[in-house]
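Below: the structure, in structure tokens.
Numbering (the working numbering), first residue to last: 3 to 729.
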């Protein structure tokens, strides 16, 4: 069959007729005409279509012109001469054994050497054709078998070799390849220096810690002349690659080609990686082909999601039905609940209420009539406590020990101190061995008493005797819920949270209405008002007391969400640049809780403009290419700040802004993203680090946050709102 139509103009009648003949041939020869591989430039043999789909794809997208032997659509090949044929494996094994006999070479280089052997074989065939089967004018000559190669080639093989080169199809393909090789569109300009050595020389020259360069960057560098100039068409392809790299959404992308192949508008080949040189394959670079899920797999995923949504709805209804039944009467509201401490000695958790309500240690409470502390009466509202474990060794004691001069919790391990009754929660059992994941508690910060083995039977006996109960996780939520019932918020009124200018760079008031409070009480997706309120809480309770405002700052998500970036990019850039330029004399990390606008998903972008590093924390484990508009604006802002600071960088490194995707805890539903974002900010502040490790902080690393960890955020919000006295 004549295949010249494959090289014809896609809009020509010749190409259209050729497509129709190809589809007809494929339908007649494939096993299943309803699921044929598609050789169009979009599918690249990855998609399966029926006859109509095959026709429309080829007419709209074009066909892979190198697909001259239609092996996927029923055309037979010369089984004895195809280098990839499995029947040649025995011959390849012999070639490899001869190579190893002559050279000291590792086994893992076998594939590369055999590919090189195949390349040499093709070169030898070309040599035979040009030397013996063509005259000076390129006309075919029916020559006899050269005696020089009679020991390598049999007469039958020589006749087969000649007959193939007489066909019109071979002549057409040969002429096309000859023209392409003689006048390449983007010629390689580095002589005999291959891509591999070129890449290493560039990395060495720049003292880079990277191990490789992006394919389109290396492709461009390979086409820079000795005079250092780049042709305009090469620069255009490079810029197109840069644009594609920022605009492709991975989960919506159906094109299997690389960025460079798309920019060049050429097909992708399985045996090579464009822009990386000979011998480099997708397998060697661990590039996995994107697999299109089957209808069965999609149906299973859909059913699993439906079941998860149903379970979440049931859990939400149970929470609503519970309705905070443990709340006190409206007329006797008191956020400082007095827990019931059993008589005798009981294991307990030790809490502090400032700057945040949190557990700081573990020990034993001594609730005996007439108990004294170092021969002195206990302070009013306090009990005698022995400290076994300090979770925060630098936490200040609520009542400093006058006898030992201890003022920090870490100094009081193994001794007795006075502790406020309302900050003691009974029900803790001393562990027999230290656990690495127990909030980072080291073995050396446990007291000698806590390290002793306690028999299981005795533990059970202690638990029964003390009647220990777990901490009420909804303490302040219960208070807030009861407060709200006495206000006009349920009638549509709002409460205003004042925001100081130091928090976001401008003063304003944040309105909170019934929907905002319900989000905290009933665990639904968080609004920007709740997010901003918690950031004020972090500023007041963590950053201020610890002096962290010199190292950390916030960007208002109301001014920097995806909608604002798309509609008002200039205003977003102006606001953020002003925030960055307000502190140019010191390194600072800016927190940007980013709302994507699609179902209100929250993620955290932490920006260090001083080092030009962006940390990307998404609890859905997407990356920044999912939101190209956001990345483009952030990069532009950093470049603007760089220019205003008069920082000079080489042109080649002008776009070298580091984006680090952090492997943070992952949410398990479609609700928790806001709470995860708030915890990311809080934990970074607690670590007091302006760099976020790529695998997150060791002290807080986990697969996902527990319900208690998310409830902690809600408790802090409720307590803070109550303390503001805005209700």
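Cβ atoms here follow ideal geometry from the backbone N, Cα and C, with glycine treated the same way.
Quick caveat, the model's predicted, so the values are computed rather than measured.
Checklist entry - Taking just the CA atoms, how far does residue 537 sit from residue 560? => result Translated into the one-based positions of the chain shown, residue 560 becomes position 558. Translated into the one-based positions of the chain shown, residue 537 becomes position 535. When rounded, the distance between both Cα atoms is 13 angstroms.
Checklist entry - Would the beta-carbon of residue 544 fall within 7 angstroms of that of residue 483? => result In the chain shown, the residue the question calls residue 544 occupies position 542. In the chain shown, the residue the question calls residue 483 occupies position 481. The answer is no: Cβ separation not under 7 angstroms.
Checklist entry - Quick one: what's got a C-beta closer than 6 angstroms to residue 528's C-beta in the same chain, skipping five residues either side? => result Translated into positions along the chain shown, residue 528 becomes position 526. Hits under 6 angstroms: 521 and 676.
Checklist entry - Does the beta-carbon distance from residue 496 to residue 513 come in below 7 angstroms? => result Position 494 of the chain shown, counted from the first residue, corresponds to residue 496. Position 511 of the chain shown, counted from the first residue, corresponds to residue 513. Yes, the pair counts as a contact, with Cβ atoms nearer than the cut-off.
Item to check | CB contact flag (residue 224, residue 192, <7 angstroms) | outcome: Position 222 of the chain shown, counting from 1, holds the residue named residue 224. Position 190 of the chain shown, counting from 1, holds the residue named residue 192. Yes, the Cβ-Cβ distance between residue 224 and residue 192 is below 7 angstroms.
Item to check | Boundaries (first-last residue) of the alpha helix (DSSP H) holding residue 134 | outcome: Numbered from its first residue, the chain shown carries residue 134 at position 132. Note, residue 134: alpha helix (DSSP H), 112-134.
Checklist entry - Can you give the Cα-Cα distance for residue 102 and residue 199, rounded to whole angstroms? => result Residue numbering aside, residue 102 sits at position 100 when the chain shown is read from its first letter. Residue numbering aside, residue 199 sits at position 197 when the chain shown is read from its first letter. Going by the C-alpha atoms only, they are around 25 angstroms apart.
Checklist entry - Which first and last residues belong to the alpha helix (DSSP H) in which residue 675 is found? => result Translated into the one-based positions of the chain shown, residue 675 becomes position 673. Residues 675-689.
Checklist entry - Rounded to a whole number of angstroms, what is the C-alpha to C-alpha distance between residue 507 and residue 568? => result For the purposes of this step, residue 507 is identified with residue 505 of the chain shown, where counting begins at 1. For the purposes of this step, residue 568 is identified with residue 566 of the chain shown, where counting begins at 1. Roughly 22 angstroms separates the two Cα atoms.
Checklist entry - By how many angstroms is the C-alpha of residue 672 removed from the C-alpha of residue 541? => result The sequence position of residue 541 within the chain shown is 539, counting from 1. The sequence position of residue 672 within the chain shown is 670, counting from 1. Going from the Cα of residue 541 to the Cα of residue 672 covers about 28 angstroms.
Next on the checklist: When you compare the stretch 23-40 with the stretch 201-210, are there three or more beta-carbon pairs, one atom per stretch, that lie closer than 8 angstroms?
Outcome noted: no
Checklist entry - Does DSSP classify residue 391 as helix, strand or coil? => result Stepping through the chain shown from its first residue, residue 391 is reached at position 389. Looking at residue 391 - three-state DSSP - the assignment turns out to be strand.
Item to check | N-terminal and C-terminal residue of the beta strand (DSSP E) that residue 512 is part of | outcome: Counting from 1 along the chain shown, the entry for residue 512 is found at position 510. Start and end: 510-514.
Checklist entry - By how many angstroms is the C-alpha of residue 665 removed from the C-alpha of residue 623? => result Here residue 623 refers to the residue found at position 621 of the chain shown. Here residue 665 refers to the residue found at position 663 of the chain shown. Taking the straight line from one Cα to the other gives about 7 angstroms.
Checklist entry - Of the residues 296, 222 and 397, which one's Cα is nearest the Cα of residue 266? => result Within the chain shown, numbered from 1, the residue matching residue 266 stands at position 264. Here the closest residue by C-alpha is 222.
Item to check | Presumed contact (8 angstroms Cβ cut-off) between residue 551 and residue 608, rounded CB distance | outcome: As a first step, residue 551 must be located in the chain shown, where it is residue number 549. As a first step, residue 608 must be located in the chain shown, where it is residue number 606. At roughly 16 angstroms, the Cβ-Cβ gap does not stay under 8 angstroms, so residue 551 and residue 608 are not in contact.
Checklist entry - What is the C-beta distance between residue 360 and residue 352, in whole angstroms, given that I count them as a contact (C-beta under 8 angstroms)? => result Locating residue 360 in the chain shown gives position 358, where the first residue counts as 1. Locating residue 352 in the chain shown gives position 350, where the first residue counts as 1. At roughly 10 angstroms, the Cβ-Cβ gap does not stay under 8 angstroms, so residue 360 and residue 352 are not in contact.
Item to check | Residue(s) in a DSSP beta bridge with residue 625 | outcome: In the chain shown, residue 625 corresponds to position 623, counting from 1. In the DSSP output, where bridge partners are listed per residue, residue 625 has none listed.
Item to check | Beta-carbon proximity check, residue 619 vs residue 598, cutoff 7 angstroms | outcome: Along the chain shown, one-based indexing puts residue 619 at 617. Along the chain shown, one-based indexing puts residue 598 at 596. For residue 619 and residue 598, no; Cβs fall outside 7 angstroms.
Checklist entry - Which whole-angstrom value is the C-beta distance of residue 43 and residue 64, which I expect to be below 8 angstroms? => result Translated into the one-based positions of the chain shown, residue 43 becomes position 41. Translated into the one-based positions of the chain shown, residue 64 becomes position 62. About 5 angstroms separates the two Cβ atoms, so the contact holds.
Checklist entry - Helix, strand or coil for residue 666 per DSSP? => result Here residue 666 refers to the residue found at position 664 when the chain shown is read from its first residue. Three-state result, residue 666: coil.
Item to check | Residues sharing a beta bridge with residue 346, DSSP | outcome: Along the chain shown, one-based indexing puts residue 346 at 344. DSSP output for residue 346 lists 369 as bridge partner(s).
Checklist entry - How should residue 681 be labelled, buried or exposed, when 16 other C-beta atoms within 10 angstroms of its C-beta is the threshold for buried? => result The sequence position of residue 681 within the chain shown is 679, counting from 1. It is buried - the Cβ of residue 681 has at least 16 other Cβ atoms within 10 Å.
Checklist entry - Which value, in whole angstroms, describes the spacing of the CA atoms of residue 478 and residue 276? => result Position 476 of the chain shown, counted from the first residue, corresponds to residue 478. Position 274 of the chain shown, counted from the first residue, corresponds to residue 276. When rounded, the distance between both Cα atoms is 60 angstroms.
Checklist entry - Which runs of the beta strand (DSSP E) fall wholly inside the stretch 512-566 and span at least 3 residues, in chain order? => result 554-556
Checklist entry - So is residue 104 buried or exposed if we call it buried at 16+ other beta carbons inside 10 Å? => result As a position in the chain shown, residue 104 is number 102, starting the count at 1. When all chains shown are included, residue 104 counts as exposed.
Next on the checklist: Looking at residue 615: is its Cβ nearer than 7 angstroms to the Cβ of residue 640?
Outcome noted: As a working mapping, residue 615 is identified with position 613 in the chain shown. As a working mapping, residue 640 is identified with position 638 in the chain shown. Contact flag unset, no.
Item to check | Opening and closing residue of the alpha helix (DSSP H) in which residue 162 lies | outcome: Locating residue 162 in the chain shown gives position 160, where the first residue counts as 1. Taken as a continuous stretch (DSSP letters only), the alpha helix (DSSP H) holding residue 162 covers 157-168.
Item to check | Beta-carbon proximity list for residue 143, same chain, < 7 angstroms, skipping 5 on both sides | outcome: Here the question's residue 143 lines up with position 141 in the chain shown. Result list for residue 143: 135, 136 and 137, in chain order.
Next on the checklist: If distances are taken between C-alpha atoms only, which option among 18, 51 and 226 comes closest to residue 190?
Outcome noted: One-based indexing of the chain shown puts residue 190 at position 188. Nearest option by C-alpha distance: 226.
Checklist entry - Looking at the unbroken alpha helix (DSSP H) that takes in residue 63, where does it start and where does it end? => result Counted from its first residue, the chain shown places residue 63 at position 61. Here the alpha helix (DSSP H) through residue 63 covers 53-63.
Checklist entry - When the Cα of residue 2 is compared with those of 113, 26 and 202, which residue comes out closest? => result Summary: the structure shown does not reach residue 2, with the chain confined to residues 3 through 729, and so no result is reported for it.
Checklist entry - Using the C-alpha atoms, what's the distance from residue 18 back to residue 59? => result Residue 59 sits at position 57 when you count from the first residue of the chain shown. Residue 18 sits at position 16 when you count from the first residue of the chain shown. Looking at the two C-alpha atoms, the distance is approximately 12 angstroms.
Next on the checklist: Please tell me whether residue 696 and residue 662 are closer than 7 angstroms, where the distance is taken between their beta carbons.
Outcome noted: Counted from its first residue, the chain shown places residue 696 at position 694. Counted from its first residue, the chain shown places residue 662 at position 660. In contact: residue 696 and residue 662 (Cβ atoms closer than 7 angstroms).
Checklist entry - When the distance is taken between beta carbons, is residue 370 closer than 7 angstroms to residue 385? => result As a first step, residue 385 must be located in the chain shown, where it is residue number 383. As a first step, residue 370 must be located in the chain shown, where it is residue number 368. Taking 7 angstroms as the Cβ cut-off, residue 385 and residue 370 do not qualify as a contacting pair.
Next on the checklist: Between which residues of its own chain and residue 363 is the CB-CB distance below 8 angstroms, once the five residues before and five after are set aside?
Outcome noted: Sequence index remark: in the chain shown, residue 363 carries index 361 (1-based). Only 351, 352, 389, 390, 391, 392, 393, 394, 397 and 411 meet the Cβ criterion.
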